[in-house]
Amino acid sequence: MIINFKKLLKSFGYAFAGLRFAFSEQTFRIFCLAAAAVIFFMFWFKISLFEKVILILTITLVMTLELINSRIERVLDFLQPDHDPRIKVIKDISAGAVFLACLGALAIGILIFWPYLVK
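Under this note's numbering, the first residue of the sequence shown carries the number 25, and numbering increases by one thereafter.
This is the structure:
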């Protein structure tokens, strides 16, 4: 058999467990609320398909980066439970990547929604 569906379902189970864990973190919940608001306004303003694709890709980018950031933090906390300034720099850079993606997402959101807001 080319695809082992039992193994595939197990993989999805692990992925959903990871998302459930991520949802226990405040930042991820905030991103989920922001994503829900953006999706609501995507349909409220009846924006173009291209704009919807851009917004969905942007939401996916920010949330994926947050998941990666959380994973980096967990691994570093596991490897070095005590405070280490080198670990702090790595965590700060990872958080900075998420912040930069958020700024980009905000700019994209403004550029896409602004014309619909001023009508």
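For each residue, glycine too, the CB sits at the ideal point set by N, CA and C.
In the structure shown, residue 28 falls within a coil segment according to DSSP collapsed to helix, strand and coil. Nearest neighbour of residue 131 by Cα position, chosen from 83, 60, 68, turns out to be 83. Nearest C-alpha to residue 53 among 70, 77, 69, 86: 86.
In the structure shown, residue 72 adopts coil according to DSSP, grouped into three states. Counting the other Cβ atoms within 10 Å of the Cβ of residue 92 gives fewer than 16, which makes it exposed. With 16 or more other Cβ atoms from the protein chains shown falling within 10 Å of its own Cβ, residue 62 counts as buried. Assignment of residue 90 by DSSP, reduced to helix, strand and coil, places it in the helix class.
Under the DSSP assignment, residue 118 falls in the alpha helix (DSSP H) whose first and last residues are 109-141.
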